[in-house]
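Asker:
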Amino acid sequence: MKRLLLVLFAGLVLAGCATTGEDPLAPKTVHSVNLKRYQGTWYELARLPMYFQRNCAQSEARYTLQPDGNLGVLNRCLTEDWQWEEVKGTAYPQVPGKTDKLWVEFDTWFSRLIPGTAKGQYWVLYVSDDYKTAIVGDPSRRYLWLLSRTPTVNGVVREELLSKARQQGYDTTRLIWRTSDRQMAKTSN
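Residue numbers (my numbering): 59 to 247.
#1: Would you grab the beta carbon distance between ARG105 and LEU220 for me? Rounded to a whole angstrom, and I think it's under 8 Å.
#2: Which residue's Cα is closest to the Cα of GLN111: GLU144, GLY195, TYR96 and GLN97?
#3: Going by C-alpha distance, which of THR99, VAL88, LYS86 and ASP81 is nearest SER206?
#4: Quick check: THR157 and ASN128, are their CB atoms within less than 7 Å of each other?
#5: Pick out whichever of TYR228, TYR96 and TYR184 has its Cα sitting closest to the Cα of GLY130.
#6: Nearest to ASP165 by alpha carbon, out of ARG224, LYS146 and LEU183?
#7: Across which residues does DSSP place TYR121 in a beta bridge pair?
#8: Answer with buried or exposed for GLU217, where buried requires no fewer than 16 other C-beta atoms within 10 angstroms of its C-beta.
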């Protein structure tokens with residue numbers, strides 16, 4: 059019996075040494091993002107519900123590569139009453155040299171009060187070869203954004219993005235889709 063327990067314990071120790079340290083249940087990232095190509099404007103096609111975006115009808119993010127290799131972030135949100143809200147921040151690698159998993163920290167009163175505590179995980183789960191569409195989420199699968207360089211995409215691209223998000227374990231039935239310009243115009247009348 060002692061020998062069996064010793065063999066089992068040794069097996070567990072060896073198995074523990076063989077792991078990569080990553081959560082096997084976490085979404086898979088793209089492993090590398092060319093931040094120079096990633097910079098620019100991305101339009102949010104859809105997102106999972108998020109408190110900070112609860113009033114957003116249309117959202118966009120502008121990323122600017124900084125000399126230190128981090129990304130400057132400007133998130134803008136157009137509310138249904140045609141008011142722009144925006145917040146600035148910085149995105150930087152969670153692991154130096156790896157560009158697929160970033161921390162995003164916004165410049166808010168809270169982040170100024172307690173630096174380093176108001177940051178979110180920004181995992182790039184997919185980016186098309188031409189850097190025209192992307193999927194971003196977080197490891198808990200509570201947050202998800204389908205992004206494009208244009209405010210709309212055709213049905214084939216939309217379904218491709220949805221399929222990739224579902225394959226990663228995200229509940230796409232809860233997505234909030236971008237309000238079209240036409241719908242926005244109707245609500246303002």
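Heads up, the beta-carbon is just placed ideally off N, CA and C, and yes, glycines get one too.
Answerer: In this structure, then:
#1: Distance from ARG105 to LEU220 at the Cβ level is roughly 13 Å; contact not present, criterion being Cβ atoms closer than 8 Å.
#2: Looking from the CA of GLN111, the closest CA among GLU144, GLY195, TYR96 and GLN97 belongs to GLU144.
#3: Comparing Cα positions, the closest option is THR99.
#4: The criterion of a C-beta distance shorter than 7 Å is not satisfied by THR157 and ASN128.
#5: Closest by alpha carbon: TYR96.
#6: Among ARG224, LYS146 and LEU183, the Cα nearest to that of ASP165 belongs to LYS146.
#7: GLY98 and VAL131.
#8: Classification for GLU217: exposed.
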